[in-house]
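Right, one structure below, let's go through it.
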Amino acid sequence: MSFNHWKTASRAALVASISAIAFAAPAHAQDAMGETAEVQREGGLTEIIVTARKRQESAQDIPVAVTAFAPEQIERYDISSVERIAASTPNLQVGKATTGSGAQITLRGIGTPASALGIESSTAVIVDGVYYGNGRILNEGFFDLARIEVLKGPQALFFGKNATAGVISITTADPTDYFEGSTRVGYEIKGKRAFIEQIISGPLSDTLSARVALRGAKMWGGYTRNYATDLPLTFTDLDTGTTFDTVATAVADKTPQEKELLGRASLKWEPTSDLTSVTKMSMGWNRANDPGWNNVIFACDGGNSTLMPDVPCERKWYSYHNNAPEEVGAVFPYAYDGGNVGATYKSFQVTNNTNYDLGDVVLTAVLNYQNQRNRWFSDSDYQQRVTQIFVGSYEKWKAFSGEFRAQTQYDGPLNAMVGVLYQDSKLLADQNVFFGNVQKSNEDPINQFMAFSKISTTDGETISPFAQVVWNVVPSVELSGGVRYTHETKDSYFEHPFIRPGIPYRENDPINTKQTFTDWTPEITVAYKPSRALNIYAGYKAGYKSGGFSNESTYTNASVAGDLDFEPERAKGFEGGIKTTLADNQLRLDLALYSYKYINLQVDFFEAQSFRFVTTNAGSARTKGVELSGEFAPHAAPGLSVRGSINYNDAHYIEFIAPCVTGQTPAQGCNLTSNPFGGLLGQDLGGVTMAMAPKWTGSLGFAYETDVSDGMSIGISSDARYSSSYNASPFANPIATQGEYVNLDASLFLKSDAGWELGLIGKNLTNQFVVSGALDAPSTGSGTGTDAGRLADQRGYANTPRTVQLQLTYRY
6 MSFNHWKTAS RAALVASISA IAFAAPAHAQ DAMGETAEVQ REGGLTEIIV TARKRQESAQ
66 DIPVAVTAFA PEQIERYDIS SVERIAASTP NLQVGKATTG SGAQITLRGI GTPASALGIE
126 SSTAVIVDGV YYGNGRILNE GFFDLARIEV LKGPQALFFG KNATAGVISI TTADPTDYFE
186 GSTRVGYEIK GKRAFIEQII SGPLSDTLSA RVALRGAKMW GGYTRNYATD LPLTFTDLDT
246 GTTFDTVATA VADKTPQEKE LLGRASLKWE PTSDLTSVTK MSMGWNRAND PGWNNVIFAC
306 DGGNSTLMPD VPCERKWYSY HNNAPEEVGA VFPYAYDGGN VGATYKSFQV TNNTNYDLGD
366 VVLTAVLNYQ NQRNRWFSDS DYQQRVTQIF VGSYEKWKAF SGEFRAQTQY DGPLNAMVGV
426 LYQDSKLLAD QNVFFGNVQK SNEDPINQFM AFSKISTTDG ETISPFAQVV WNVVPSVELS
486 GGVRYTHETK DSYFEHPFIR PGIPYRENDP INTKQTFTDW TPEITVAYKP SRALNIYAGY
546 KAGYKSGGFS NESTYTNASV AGDLDFEPER AKGFEGGIKT TLADNQLRLD LALYSYKYIN
606 LQVDFFEAQS FRFVTTNAGS ARTKGVELSG EFAPHAAPGL SVRGSINYND AHYIEFIAPC
666 VTGQTPAQGC NLTSNPFGGL LGQDLGGVTM AMAPKWTGSL GFAYETDVSD GMSIGISSDA
726 RYSSSYNASP FANPIATQGE YVNLDASLFL KSDAGWELGL IGKNLTNQFV VSGALDAPST
786 GSGTGTDAGR LADQRGYANT PRTVQLQLTY RY
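If you use the numbering used here, the sequence shown corresponds to residues 6 to 817, in order.
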């Protein structure tokens with residue numbers, strides 16, 4: 006069977022499986038009528054507890070579309086990063102990037118470009134109740150987790166700011182009042198990656214318990230093959246007129262050869278049954294030998310690379326990356342020894358969650374300090390040629406936040422929650438660019454090989470009070486409503502401290518901007534629960550993400566200061582659904598329908614020939630769709646569960662006058678001369694499908710665990726994820742397309758009652774190359790707005806190829 010036929014069959018099987026489960030429900034329900042409540046049955050569904058409304062509830066009881074992962078699933082599927090979460094969640098895509106914010110996270114077709122450091126993600130990442138606005142969170146390895154929740158649609162009321170598309174909420178494990186520990190070692194074959202984890206938890210006294218979790222990993226290989234060779238270069242000294250020859254050596258043939266160290270120490274203090282305080286301190290360190298390892302030139306106009314005409318552009322995990330010459334590396338900011346490329350990420354976080362139960366009222370305080378630093382030096386034309394581009398960059402993000410809540414728990418029909426969030430943040434970006442194979446020997450050493458440099462800061466402050474009232478109108482009807490007010494200020498600075506003569510940028514012409522943003526964001530939901538097994542809900546939701554400043558842009562002679570500013574992003578719309586538990590707790594079916602309109606969706610544009618960034622807002626966009634998911638765990642086969650989902654999503658621009666992509670012709674839509682982009686030609690994207698927005702996604706999987714002997718059990722699982730085709734470019738580049746695909750993950754575990762467990766985990770077993778976000782490659786494309794235009798080569802954020810990991814765990 007061909008792969009295309011297999012994909013078609015997979016889609017048919019997906020629909021057929023869920024339909025079969027649904028049609029089977031009445032029969033199982035009738036069989037269950039004869040059972041009494043006292044009879045305990047084997048098998049059946051496991052209840053999943055979530056905190057989507059800042060209190061512990063069953064996922065089936067909340068009026069929110071949520072995908073949740075329990076600790077057993079997290080371990081079984083090796084969900085150890087935000088990227089791994091996306092691989093297990095249809096309608097969620099994540100692209101990891103070198104520059105800008107570090108990540109492009111897209112949920113239901115609403116995403117944030119990775120190229121702009123100042124644009125915070127529309128999908129908020131929450132760790133232990135704390136908001137992380139920087140995409141560098143992708144560099145964190147999450148392990149020893151208690152729960153993962155993916156909440157879809159705007160979530161402004163409960164999760165602070167910037168959750169216009171949804172929330173990824175991660176909760177790490179708390180200390181226990183009993184002793185437990187585990188050691189895990191593993192080896193991933195493709196990347197030649199070994200790791201070890203150590204977890205110890207237990208009481209220190211009657212009121213104090215502690216937990217320590219450590220993880221270390223080293224990769225001797227990689228996921229991308231680098232085909233570059235050592236590259237002879239000739240440099241010209243512009244001050245003396247002399248030349249010299251040098252060599253740009255090839256980056257290692259396997260990348261990224263990552264190394265990481267992670268640690269978390271937690272203390273839980275319970276002086277009384279009413280007071281609980283949990284403090285968690287974590288640190289992370291990650292080193293890679295090539296920050297652009299997953300930046301692949303995957304599509305080119307005419308089929309071959311612009312900069313390497315003999316090299317075809319293919320959807321494969323390979324690259325052509327070089328280190329900088331030693332002469333450049335010796336003085337260039339943030340270059341590694343000998344001019345080597347590389348990336349180093351460091352982080353430190355402290356979080357305290359305190360709950361005080363006063364009986365009728367629970368008081369909660371969440372305090373956090375976070376500090377993340379990222380240094381990278383990259384071959385930034387992502388191809389090999391005689392005039393290379395190298396970029397060295399350092400970014401630092403730190404923030405202090407506090408959230409304080411009071412929540413009632415009266416026995417009566419009315420309850421309420423009030424709270425306030427405060428955050429103070431500071432962002433620093435220092436970036437330096439080399440190109441042209443020239444030197445100015447009369448300059449300071451740090452500037453001798455510099456084409457231009459840029460430095461930018463943003464100091465932000467947020468104050469955001471919120472409130473909600475929940476009214477049980479009758480026992481089966483719940484009406485809830487709330488509102489959040491946001492007041493945010495951002496004071497930003499940008500300057501090019503050095504520009505080599507002849508480059509059309511504004512040297513020592515700083516931009517200083519002070520921005521203030523305010524908004525009221527309401528939410529109202531009604532839920533009808535005639536029984537514990539049925540929840541019908543509908544609601545109006547709104548979302549808000551403040552505007553800001555694009556810190557890693559450029560300030561060209563053709564630019565105006567306002568090009569670096571962007572307006573707030575707003576969302577509003579309706580969502581409803583049905584959550585059911587049927588057939589004597591054997592079948593779970595969830596249906597969600599939604600329609601949201603987005604105003605001023607934040608986007609960032611890179612013009613490949615002039616190295617010009619334009620941060621702007623799409624006029625308006627809409628995302629609407631239907632999501633159906635189900636899980637079946639039969640009593641007749643304890644240990645077996647079958648799960649699946651099918652989703653339809655229509656995400657498109659309503660109004661958007663956008664810049665033309667580099668090399669776009671009039672026949673391809675580049676035909677607007679009147680637009681707000683200061684000299685760039687424009688195109689009308691009204692009605693065009695948005696980036697990273699497949700019409701259809703789905704999943705189908707199963708897990709089965711059973712005893713094979715006295716004290717020994719075996720577990721097997723498999724999950725397939727389907728996505729229809731989509732365009733990966735926010736500006737609808739005609740060649741930036743990703744075809745439909747099916748990814749397959751599987752695992753096999755052998756577990757002993759003696760405490761040890763042997764596991765085999767396979768990810769992307771179909772070895773599908775998938776792009777999650779695309780940009781025009783630097784120095785490619787030409788003739789924008791003319792009939793002779795040639796589209797820029799497309800640089801995409803590629804996923805990880807097929808991996809197979811063997812791991813051994815011992816619990817004690």
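Note that beta-carbon positions come from the ideal geometry of N, C-alpha and C, so glycine has one too.
In this model, G552 and L50 are separated by some 44 Å (Cα to Cα). The Cβ atoms of G578 and K602 lie closer than 8 Å to each other.
Contact annotation: V217 and P296 have beta-carbon atoms that are not nearer than 8 Å.
Here DSSP, grouped into helix, strand and coil, assigns R816 to strand. Contact between the stretch 645-661 and the stretch 707-715 is present, with at least three C-beta pairs closer than 8 Å.
Scanning its chain for C-beta atoms nearer than 6 Å, with the 5 sequence neighbours on each side dropped, one finds around A121 the residues G105, S555, D609, T620, in chain order. Excluding its 5 nearest sequence neighbours in each direction, Y137 has C-beta neighbours in its own chain below 6 Å: V130, listed in chain order. When the Cα atoms are used, Y731 and S777 turn out to be separated by approximately 10 Å. The alpha-carbon separation between F337 and T251 amounts to approximately 16 Å. Annotation: the continuous alpha helix (DSSP H) that includes I90 extends over 87-92. If you draw a straight line from the Cα of Q388 to the Cα of G649, it is about 41 Å long. When the beta-carbon positions are compared, N231 and A257 come within less than 8 Å of each other. Counting C-beta atoms within 10 angstroms of its own C-beta, L633 has 16 or more neighbours from the protein chains shown and is therefore classed as buried. Distance from W322 to Y399 at the Cβ level is roughly 28 Å; contact not present, criterion being Cβ atoms closer than 8 Å. Every unbroken stretch of the beta strand (DSSP E) spanning 3 or more residues and falling wholly within the stretch 472-529 is given here in chain order: 482-500. Contact between the stretch 579-592 and the stretch 193-206 is absent, with fewer than three C-beta pairs closer than 8 Å. Fewer than three Cβ pairs drawn from the stretch 762-771 and the stretch 268-278 lie within less than 8 Å of each other, which leaves the two stretches out of contact. Here the alpha carbon of G424 sits roughly 31 Å from the alpha carbon of I79. The C-alpha of E574 lies about 22 Å from the C-alpha of Y498.
Following the DSSP letters along the chain, one finds Q673 in no alpha helix (DSSP H), marked with neither H nor E. DSSP, read as helix, strand or coil, puts R627 in strand. For P208, the beta-bridge partners assigned by DSSP are S214. Checking the DSSP bridge columns, you'll see D362 partnered with V367.
The residue from I142, E636, P418 with its alpha-carbon nearest to that of T586 is E636. One thing to note: K273 has its Cβ within 8 Å of the Cβ of S214. DSSP places R220 in the strand class (E or B) of the three-state scheme. Under the criterion of beta carbons closer than 8 Å, G794 and Q591 do not qualify as touching, at roughly 59 Å.
Between the C-alpha atoms of A543 and V155 there is a straight-line separation of about 19 Å.
Cβ neighbours of K431 within its own chain (closer than 6 Å, five residues either side excluded): K403, D464.
For the pair of segments examined, the stretch 262-272 was found not to touch the stretch 318-334: the number of CB pairs separated by less than 8 Å stays below three. Assignment of R60 by DSSP, reduced to helix, strand and coil, places it in the coil class. Taking a cut-off of 8 Å on C-beta distances, the stretch 404-422 touches the stretch 364-375, as three or more cross pairs fall below it. Around G334, the same chain offers A340, G343, G344 as residues with beta carbons nearer than 6 Å, after the five sequence neighbours per side are excluded. Residue state for E185 is assigned as strand, using DSSP reduced to three classes. Distance check between D524 and each of Y653, A161, Y560 places A161 closest, using alpha-carbon atoms only. Per DSSP, the continuous beta strand (DSSP E) segment holding I110 begins and ends at 108-112.
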